[in-house]
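Line by line, the protein sequences are chains G, Y, P, D, F and R.
Position one of the first sequence corresponds to residue 99 (the working numbering), numbered consecutively onward.
Position one of the second sequence corresponds to residue 99 (the working numbering), numbered consecutively onward.
Position one of the third sequence corresponds to residue 99 (the working numbering), numbered consecutively onward.
Position one of the fourth sequence corresponds to residue 99 (the working numbering), numbered consecutively onward.
Position one of the fifth sequence corresponds to residue 99 (the working numbering), numbered consecutively onward.
Position one of the sixth sequence corresponds to residue 99 (the working numbering), numbered consecutively onward.
C-beta: ideal position from N, C-alpha, C; glycine also.
Quick caveat: nothing in here was measured; it's all calculated off a predicted structure.
6 protein chains.
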Amino acid sequence: MARPVTLFTGQWADLPLEVLADKAKEFGYDGLELACWGDHYDVTKSVTDPHYDGNLYALLKRKGLDVWAISNHLVGQAVCDLIDARHKAILPPHVWGDGDPEGVRQRATHEMRKTAWAASNLAGAAGHDIVVNGFTGSSIWHLLYSFPPVSPEMIEAGYKDFADRWNPILDVFDEVNVKFGLEVHPTEIAFDVVTAERAVKALGGRKAFGFNYDPSHLGYQGVDYVEFIYRFSDRIYHVHMKDVGWSSVPRPSGVFGGHLSFGNVNRYWDFRSLGRGNINFEEIIRAFNRINYKGPLSVEWEDSGMDREHGAKEACQFVKKLDFEPSATAFDAAFAEK
Amino acid sequence: MARPVTLFTGQWADLPLEVLADKAKEFGYDGLELACWGDHYDVTKSVTDPHYDGNLYALLKRKGLDVWAISNHLVGQAVCDLIDARHKAILPPHVWGDGDPEGVRQRATHEMRKTAWAASNLAGAAGHDIVVNGFTGSSIWHLLYSFPPVSPEMIEAGYKDFADRWNPILDVFDEVNVKFGLEVHPTEIAFDVVTAERAVKALGGRKAFGFNYDPSHLGYQGVDYVEFIYRFSDRIYHVHMKDVGWSSVPRPSGVFGGHLSFGNVNRYWDFRSLGRGNINFEEIIRAFNRINYKGPLSVEWEDSGMDREHGAKEACQFVKKLDFEPSATAFDAAFAEK
Amino acid sequence: MARPVTLFTGQWADLPLEVLADKAKEFGYDGLELACWGDHYDVTKSVTDPHYDGNLYALLKRKGLDVWAISNHLVGQAVCDLIDARHKAILPPHVWGDGDPEGVRQRATHEMRKTAWAASNLAGAAGHDIVVNGFTGSSIWHLLYSFPPVSPEMIEAGYKDFADRWNPILDVFDEVNVKFGLEVHPTEIAFDVVTAERAVKALGGRKAFGFNYDPSHLGYQGVDYVEFIYRFSDRIYHVHMKDVGWSSVPRPSGVFGGHLSFGNVNRYWDFRSLGRGNINFEEIIRAFNRINYKGPLSVEWEDSGMDREHGAKEACQFVKKLDFEPSATAFDAAFAEK
Amino acid sequence: MARPVTLFTGQWADLPLEVLADKAKEFGYDGLELACWGDHYDVTKSVTDPHYDGNLYALLKRKGLDVWAISNHLVGQAVCDLIDARHKAILPPHVWGDGDPEGVRQRATHEMRKTAWAASNLAGAAGHDIVVNGFTGSSIWHLLYSFPPVSPEMIEAGYKDFADRWNPILDVFDEVNVKFGLEVHPTEIAFDVVTAERAVKALGGRKAFGFNYDPSHLGYQGVDYVEFIYRFSDRIYHVHMKDVGWSSVPRPSGVFGGHLSFGNVNRYWDFRSLGRGNINFEEIIRAFNRINYKGPLSVEWEDSGMDREHGAKEACQFVKKLDFEPSATAFDAAFAEK
Amino acid sequence: MARPVTLFTGQWADLPLEVLADKAKEFGYDGLELACWGDHYDVTKSVTDPHYDGNLYALLKRKGLDVWAISNHLVGQAVCDLIDARHKAILPPHVWGDGDPEGVRQRATHEMRKTAWAASNLAGAAGHDIVVNGFTGSSIWHLLYSFPPVSPEMIEAGYKDFADRWNPILDVFDEVNVKFGLEVHPTEIAFDVVTAERAVKALGGRKAFGFNYDPSHLGYQGVDYVEFIYRFSDRIYHVHMKDVGWSSVPRPSGVFGGHLSFGNVNRYWDFRSLGRGNINFEEIIRAFNRINYKGPLSVEWEDSGMDREHGAKEACQFVKKLDFEPSATAFDAAFAEK
Amino acid sequence: MARPVTLFTGQWADLPLEVLADKAKEFGYDGLELACWGDHYDVTKSVTDPHYDGNLYALLKRKGLDVWAISNHLVGQAVCDLIDARHKAILPPHVWGDGDPEGVRQRATHEMRKTAWAASNLAGAAGHDIVVNGFTGSSIWHLLYSFPPVSPEMIEAGYKDFADRWNPILDVFDEVNVKFGLEVHPTEIAFDVVTAERAVKALGGRKAFGFNYDPSHLGYQGVDYVEFIYRFSDRIYHVHMKDVGWSSVPRPSGVFGGHLSFGNVNRYWDFRSLGRGNINFEEIIRAFNRINYKGPLSVEWEDSGMDREHGAKEACQFVKKLDFEPSATAFDAAFAEK
């Protein structure tokens, strides 16, 4: 049996969960990856209301859907970030508080610990593991281009800060036996293969920390996203199926984005509905088969030029046509004379 | 006659000017583009010592060299930047002062105004125009990736800050009839064609502001560096000949650099000795001919894997072999029967 | 709602309209783009028989089809061309007449004026606009390669001839509020972006004249067919979806065609059933969305190697799978905490 | 009507014919290409039991399938090969015998003569021609890389050996009016266009010998598999539709395979389910139309990374979507005014 | 010894031969290919003044140069062309006469016959063969794009016209034992491999007619210019070394040229100084070695963006560095133990 | 100081050493890599005549040359090979003996042990290390394509045979402190990265065994020859600079060679004079700098289409222009204000 195909609800937070669940089912999905914002998944309710996860899971099953992951990218981002006005828009009021940077970071840290507990509660209701996906933020992202010259010590300090802030969070993940999957992404402590290795090393290789693999953030940069799967074959805890297009010829702006909004015609790259970008998903599926990844393929649908309902539907079909089961037997066997 | 080929002295600031001048002559160069650091060009001396520029120019002529530009990238960077510890290492003590960010920015502003006066002094000694090349810094570079979401107003504020800080500097440039050439580069207010257009617009298109064209900062990003020349055909005030290599296949890190030092084998791109990278200089020379650029071709030599003296010599030969004079006559003329 | 998909009837002129309409419906089309030859659309009847357009439109609706354009390429070609024996085969007898070149051109001019009136009549019957697509011919196409040397004045004279002959035609289009869409194509006054700009300029930019965009005539030449859409964003009056294949390796003949018939194995390029050639329709649809083109996507099916009924059916499916509605909302909105 | 799509049974020899026939029908196939091993087709029974072919063909028709070819690759391989332990595993006991090399070759020769008679019997039952596909083996394959230096005489001797051994076999094919199709393949006397020409020439061009065209063995080598069709347009007796993927970037092993099993991640190339590799089947179908090949398109399905039932089904759909009928009429005809 | 490198004088007709000869020698050339216009080579004088060729050849030898070809492209063009005003500018008055098209063609025919005699005279003076290079013109070039549809008969008539007009010219070439080399080129009867084959066939394959091979007219069209050498291995009578650049990305105009002058920035292709375009001369030299071409490599220098003297010098160096002698011995020989 | 450039004498064995030494010096080389055949280096004399190496080295120094390696490819090949008639031509009579395969292998083994002693002698004379380059042969090369199916045990047996035969040879290398460099090459136990790793592992990683790196045998196969350098950074004992060209388009034969001699026009790949093939030597030199390879760059010149003296000279210039010294200092240092 092929892998379940789920829809990440983050880009649909304006819709109530019930409405979205009906749509997702109609589009052909097997489940949802629930965002911890909008009304899709409420971490606080989970840790305070003993019926919350049970009711939620029952709702999903009624809709013919399942769930294997919850995602708290927005709060996770605040754990290591240099906090500024942009964060206010993406954080819940009780995390933002008075906006004092260190205070925000500490409240975000606490919220991520709660998220582990919540995932554990939902796992109990579902009867199977629930992964937490998310971002980590980074205190050194702004140093990405080394001018004025950046010293190795500055970078090292950034990874230490990451470890100091996330180890206490991951302790809770270990306690409740839940895994955290970082979506490797610009602005995070890891945004390519090299920095992902460095992040794993900063944490001493602890197994609570792994990845929500998403090729769309790697391909346009020139990062080898297939190699990523082999290098971290035992830490791919969840997968985002998301496509991105980039130009085959030079453009007025480049990978750095030209301070242009998504969808601007002068951009070098942009997210695209699955199958309409440059990501080679065939090689990705073969790599998943080789590392024996059996989890869901979760569509994070984003394409600033397309109606999202049209897109979510075609994306689901694309993934179902693409995915396949590995071979159970060696080939030459059938050649032998019996 | 082809264009003069000069050597930018910024990467040789550890050598005294006299020593470097001898080397440059021996490598085959026609002149120097003087860095305003090391002992190569001293802005303060120029504006305080009436003999400074005359003596300096006499020295160069004795060595068989000329000069068409001075460069003050390091101080210019501090005008708009969010100042931090990195800037202390690149600024002269009288600009850094106590390191208070706004104070640093204002002292850097004052220093750039002085640089215009100094260029005017040197122009007087040389008997021809002297361009000032440099950086501008940027208060919004760290917002390059739009997550957490960046509002258009935040970007707009960055360009306004740039205009507010640089207009007073450019007023002096206008007074003394000197041009400023921004080297479009990551961490600056302009780092591609789109942001260069926006920077020009922020200044109301004033002619004191133009570009020190350098393709090496554009090519690896995916920016159309030949188109840049045509779009800004009347604002190319100076040229850096600098090459950069980038991978034809995906790598463990990408355009964002993976927090890796130059020269690291896992990098996607790196600066390269001229002719050993991916920049198509043939098309660049043809574009210069079309826009009638007649200034120097200044080699900014940088290649973390090569001995710099070996490199500076081969780079000079490369440029001299590449450059050519445009045609003076139409072609079909010679076909006609006389 | 996505755009309607229509079938251009020009390649099916051997079939009566009724027969073709049934087939087109069965293939999946939403409408027809009627050729003004065969029995598909008769300009003379339209301007002489007050019931003609009403009956015709009723017939189409009965078949479950609509119409948004009529096409008179063959007569349009004769307006500017240097007339020779080839034109006799493609012109109706009353336009060809005695074949005297200037007489043919004048009669063709008159016929194109009538075509505008006819389109107006059909628009009345349909209750919405009808575009006239077509060719213009050119008195200078044979000068395309500049040997023996061609003077700028000779080319200029060609564009003046074009303006002198087409302005009177376009006056009628303006009178009856109909648009003319030139299919940019070899042998016409415009066959790439540059000549299209020149044609528009020759007419003083009058709005009656625009384009029936067809990428198949541009791609194999090396012309930037996506850029065409942005340059003429307010003059794309109609669209032909037609594919073309060209070789990735050199061949015994090239773009100039080697005087070989379509389908010859030695050709460098050939028209292909949609989706089997090299045109990047994904980028085209995105460009249409950006310029807000809302008209039909009309399949001009041509592939010398394929059975046309097989092809027309797969082409319709291809376009319907490809086309999509643009996004109604910005993306980051859904990220915000509510 | 498009060509029939068949499934080659060689990779399914572990399944009884009845079981496989049901599956093939369900996957969408029109027929089977029967392997002469497993219980799929038994050459000895055919030549000894007068009811065998009639019963077999009746079984197929009952299942809704037909047959146009039988394949005896394994025995054919032994005709020219330097026999070693590997051959024992692929030969029936009565051909292997005591394993003495020359004895094995002679018994294999006899078996291939019997295969021609058997094909003739099956043709009688089916009422149409049956092709025999297979391998030839080669006494010189191990000399493929010319070090230690290989003399032209050594190669010539290999082709003479081939002719000496196969001419007597082909005499029987001529007698019973059956064609033999060599699958051009590494380890055979022909493995590219050049060696295929040489093999044909070694046999004096006799028509009993032609090819079972299979692009998968040619593409990864860098051999022009489309040109193959034109060069041997009158000798393409049967076709295998089989895909192969190869890397666009260099790998730890290359075309020579690195002594690695199929499916190993370090391989440069591997067989792939149809449509997931690099073979350009569009050009192949167009070439088949040009040479007027009307036989079956037989799927030889092989992909070490995919479940074979999933694959055989998608492959059948792929071929049916790809294949098309050629045009019956010239195109310009429809343009003419009637 | 490598092949001699000569300079074609056609693009230097504004300079007297003596002046040009000095320059060519200084640039490094071994000889000149003399244009039959300007004062470089005068066909009429050759056939009327018995001392003309002797004096001319003595002049060249005094300058240290030799000659292996004369070129009469301009008059040759008029033999088959549809004559119009453009031809007046390129023809000598005694050929143009009153400009009546058929009269011009006949006088051009006569002039080409004289050119053969002249070449024979020069060969006598030089003591070795002299080739005549040139154009043929074409009565069907304007029909290159088949719309309005062009019948096969029209094309056939063009080749017959070519044969009818050139056979009498070639009769003289045969009489005086001189070869004619057509430069395959747009606007000529042959402009790619396919039309070159057709031209040869139209003349019944007579050996007086061959080619002045010039890859620059083939490459940008997509024609296989290396294959050309192998197909016509016994008819390559002379060689033009000329480079051409074409774009790797689509442009505002394409191969058809957009009615733009050479040098225009919007062109898709343009002639380039040797080594600065896209032609792969390495493969060309290897092909010349294989077919045993031993004649001169004649630089036809054309680059609308470069000073011609700069260019002619670098082109000569380029060819001398590129060309090499073939191997005299097989390689493996040296491996053998003695 | 850049690396010395030497000429491998294997392809010049028909010339006496004295003659070749003069030529090499004139071509610009710094030394020779001596072949152990022809009269270039005689292993037997070295181990029997105590003056041989001293005299030889004195001769080289007199010619202005040095030596860092001797090469015994031909005898090494016989150690593991399945011996046949081809080996007789490349082996000295005392190794070939009666040609009995196992006897030949044992005598070749003994000769390779002697070669280590000889290298040690020459090192004594030269006062620096001498590497022995060579081949190993392979008992499993003929199994490269896995049909008839090859079992893993068969391959494993081949590596065991290799270890059993080479360990006793390498024992002598260890005793006399000499290194052996296998030239990874088709027909050897290692012919790509994967098999090179397996060969090293079969020998337990002993340091006497490393590589004579030669990219020309890897590139055309699709093997990552730059990665090879990083994987075996401590085992690159010597380097062959040899280029190879391969086609960018499919050809009548492919990587397997079509049983065609080198130089045949239908080949997919062929060795080429340095700089005229596809190998990216720029990346190779940068990799050598990174792994700190300081040995000679030895030109193994082979190009079946070029005169070898012409080639050896241009190859020497090519390598000297390409090679460069690494940077001694970090780059940012020079930016700092002093």
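Run of the alpha helix (DSSP H) containing residue i, from where it starts to where it stops
| i | result |
| --- | --- |
| G:A224 | P199 to A224 |
| G:G136 | Careful: G:G136 lies outside any alpha helix (DSSP H) and carries neither H nor E. |
| Y:R101 | It is not in any alpha helix (DSSP H) - Y:R101 carries neither H nor E in the DSSP assignment. |
Three-state secondary structure (DSSP) of residue i
| i | result |
| --- | --- |
| D:V177 | helix |
| G:F429 | Bear in mind that a pLDDT of 49 at G:F429, under 50, signals an unreliable position, so the model cannot answer this. |
| G:V364 | Before going further, note that residue 364 of chain G is Asn rather than Val in the sequence given. Note: G:N364 maps to coil in three-state DSSP. |
| F:D401 | coil |
| D:V282 | coil |
| R:L118 | helix |
| Y:K436 | Its pLDDT being 44, under 50, Y:K436 is placed unreliably by the model, and nothing is read from it. |
| G:V438 | Because chain G is modelled from 99 through 436, residue 438 of chain G falls outside the range shown and cannot be assessed. |
| F:G195 | coil |
| P:G303 | coil |
Residue j beta carbon less than 8 Å from that of residue i
| i | j | result |
| --- | --- | --- |
| Y:I389 | Y:I334 | yes |
| D:N231 | D:A300 | no |
| R:H357 | D:I327 | no |
| Y:V165 | Y:M210 | no |
| Y:F369 | Y:K340 | yes |
| D:E423 | P:H408 | yes |
Residues that residue i bridges to, as DSSP identifies them
| i | result |
| --- | --- |
| Y:V276 | Answer is none; Y:V276 lacks a bridge partner. |
| G:E131 | G:F106 and G:A167 |
| G:G232 | G:L280 |
| G:Y311 | G:V337 |
| R:R349 | D:V321 |
heavy atom of the ligand FAD below 7 Å from residue i C-beta
| i | result |
| --- | --- |
| G:L242 | As for the ligand FAD, it is missing from this structure, which has no ligand bound. |
Residue ranges of each beta strand (DSSP E) within the stretch 368-424 of chain F, 3 or longer: 395-397
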